[in-house]
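Residue numbers (the numbering used here): 19 to 304. Even for Gly, the Cβ is constructed at its ideal location relative to N, Cα and C. Predicted, not measured: the structure shown is a model, and the values here were computed from it.
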Amino acid sequence: MLVTLFRLLSILPLSVLHFAGAALGWVVYLLSGSYRRRLKANIARAGFTGHLHEAVREAGKNILELPFIWCARPERVLKTATIENWELVQAALDSKKGVIFLTPHLGCFEIVAQSIAVRTRLTVLYRPPRKAALKPLIEGARARDNLLLAAANLSGVRIMAKALKKGEAIGLLPDQVPQEGEGVWAKFFGKRAYTMTLSAKLHGMTGSPIILTYAERLPLGRGYVIRFVPFEEELGSDPVDQASAINRGMEKLIARSPAQYFWSYNRYKKPDGVDGPETRFDQGQT
19 MLVTLFRLLS ILPLSVLHFA GAALGWVVYL LSGSYRRRLK ANIARAGFTG HLHEAVREAG
79 KNILELPFIW CARPERVLKT ATIENWELVQ AALDSKKGVI FLTPHLGCFE IVAQSIAVRT
139 RLTVLYRPPR KAALKPLIEG ARARDNLLLA AANLSGVRIM AKALKKGEAI GLLPDQVPQE
199 GEGVWAKFFG KRAYTMTLSA KLHGMTGSPI ILTYAERLPL GRGYVIRFVP FEEELGSDPV
259 DQASAINRGM EKLIARSPAQ YFWSYNRYKK PDGVDGPETR FDQGQT
């Protein structure tokens, strides 16, 4: 039924979905106390409280645009996206060292992979949804021609490393909370968050350049602008320093369009089996 609903919604114009999504954002914000508290706390911590109302609307658009992004015809979806600064990516691809794309939960991150995959082969890190009913929908939407999925496990890491060594591109969500043993505690907007170390490890193994990217949502359902931005932070060699550098890069990217970050995401949660940030801090991490 969910797949059918998404396919039906995908018929609607993007402008209609975004208009309804903005209303949905306010409904969820007003009805869910836990959602409202987390969103307000996270956006205030980052210093973007002035964008609160817009962020509520954008969060709703993020949800209702998914049927269009996942289920509409690929050519119809891609017509809504304008690419900015692709020459940065092409230069990296031409170097034959591979490319590591880092895309935070900013704007319409789902359309970024599709837009890259029509220009070059792309392998993205994928964690199956907890709800089994969503698995066929999400996997069917994300696994397309030239767009490959690598599971978030050791086998998937090997697939991504091989892709980079062949000069291909990979994509990760660096602000997604990793599982036990896959991250370190590093500051994100002033508070320690469990942060993945995989992107820095892959960079160290292969020398592949890191490029930041996001799709800014245009007003009135006019589509998206996909932007590619060079990663300019010094990674260093310590895992915590590396994670902190990547978080700083994400903070600067989010500051470009703060209302479109998914502030309700539980970025500061403690994964099962992981010592809390206080324990890590006592051992010398910052």
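First through last residue of the beta strand (DSSP E) which encompasses residue i
{"i": "PHE127", "result": "Per DSSP, PHE127 belongs to no beta strand (DSSP E); it is in the alpha helix (DSSP H), 127-135."}
{"i": "GLU234", "result": "228-235"}
{"i": "THR100", "result": "99-102"}
{"i": "ARG274", "result": "Per DSSP, ARG274 belongs to no beta strand (DSSP E) and is neither H nor E."}
{"i": "PRO192", "result": "Segment: none, PRO192 is in no beta strand (DSSP E) and carries neither H nor E."}
Cβ shell of residue i (< 6 Å), same chain only, five flanking positions each side left out
{"i": "ALA181", "result": "THR141 and ILE188"}
{"i": "PRO196", "result": "MET214"}
{"i": "LEU57", "result": "TRP281 and SER282"}
{"i": "PHE86", "result": "SER28, LEU32 and LEU35"}
{"i": "ALA38", "result": "LEU82"}
{"i": "THR231", "result": "PHE119, THR121, VAL130 and PHE246"}
{"i": "LEU143", "result": "ALA168, ALA170 and LEU190"}
7 Å CB neighbourhood of residue i in its chain, flanking five on each side removed
{"i": "GLY291", "result": "GLU198"}
{"i": "ALA110", "result": "VAL117, PRO227 and ILE229"}
{"i": "TYR53", "result": "VAL46, TYR47 and SER282"}
{"i": "GLY208", "result": "ARG63"}
{"i": "PRO192", "result": "LEU120, PRO122, MET214, SER217, ILE264 and MET268"}
{"i": "LEU30", "result": "none"}
{"i": "ARG266", "result": "GLU251"}
{"i": "SER262", "result": "ALA204 and LYS205"}
{"i": "LEU42", "result": "GLY78, ILE81 and LEU82"}
{"i": "LEU339", "result": "In the structure displayed, the chain extends from 19 to 304; residue 339 sits before or after that span and is not available."}
Delimiting residues of the alpha helix (DSSP H) encompassing residue i
{"i": "ARG139", "result": "No alpha helix (DSSP H) holds ARG139; DSSP gives it neither H nor E."}
{"i": "ARG55", "result": "51-63"}
{"i": "PRO85", "result": "84-89"}
{"i": "ALA218", "result": "216-224"}
{"i": "LEU167", "result": "Element bounds for LEU167: not the alpha helix (DSSP H) but the beta strand (DSSP E), 165-169."}
{"i": "VAL95", "result": "92-96"}
Paired residues, beta bridge with residue i - DSSP
{"i": "ARG210", "result": "LYS205"}
{"i": "LEU124", "result": "TYR279"}
{"i": "ILE323", "result": "Within the shown structure, residues of the chain are numbered from 19 to 304, placing residue 323 beyond reach of any answer."}
{"i": "PRO248", "result": "ILE229"}
{"i": "PHE119", "result": "GLY189 and ILE229"}
{"i": "ARG162", "result": "LEU165"}
{"i": "VAL243", "result": "THR100 and GLU234"}
Heavy atom of the ligand GTP within 7 Å of residue i beta-carbon
{"i": "LEU32", "result": "For the ligand GTP, the structure offers nothing, since it holds no ligand at all."}
Spatial neighbours of residue i in its chain, beta-carbon cut-off 8 Å, leaving aside the 5 residues before and after
{"i": "PRO276", "result": "ILE61, ALA64, PHE66, HIS69 and ALA73"}
{"i": "ARG25", "result": "PRO85 and CYS89"}
{"i": "ALA179", "result": "LEU220, MET223 and THR224"}
{"i": "GLU102", "result": "VAL243, ILE244, ARG245 and PHE246"}
{"i": "GLY239", "result": "PRO31, LEU32, SER33, VAL34, LEU35, HIS36 and PHE37"}
{"i": "LYS184", "result": "GLY116"}
{"i": "PHE299", "result": "Any reading at PHE299 needs caution, since the residue's pLDDT is 47, under 50, leaving its predicted position unreliable; the model's value is listed next. Excluding residues within five positions, the ones whose Cβ falls inside 8 Å are TRP203 and ARG210."}
Contact the segment 200-217 vs the segment 70-83: 3+ CB pairs below 8 Å: With a cut-off of 8 Å, the segment 70-83 and the segment 200-217 do not count as touching, because too few Cβ pairs lie within range.
Unbroken stretches of the alpha helix (DSSP H), 4 residues or longer, contained in the segment 26-52: Listed in chain order, they are 32-49.
Cβ contact (3+ pairs, closer than 8 Å) linking the segment 129-140 and the segment 256-274: Flag = no, the segment 129-140 and the segment 256-274 do not touch.
Segment contact, 8 Å Cβ cut-off, at least three pairs: the segment 94-106 with the segment 64-73: Remark: fewer than three beta-carbon pairs, one from each stretch, lie closer than 8 Å, so the segment 94-106 and the segment 64-73 are not flagged as touching.
Cβ contact check for the segment 80-98 and the segment 169-186: 3 or more pairs under 8 Å: By the Cβ criterion, the segment 80-98 is not in contact with the segment 169-186, since fewer than three pairs of Cβ atoms, one from each stretch, lie closer than 8 Å.
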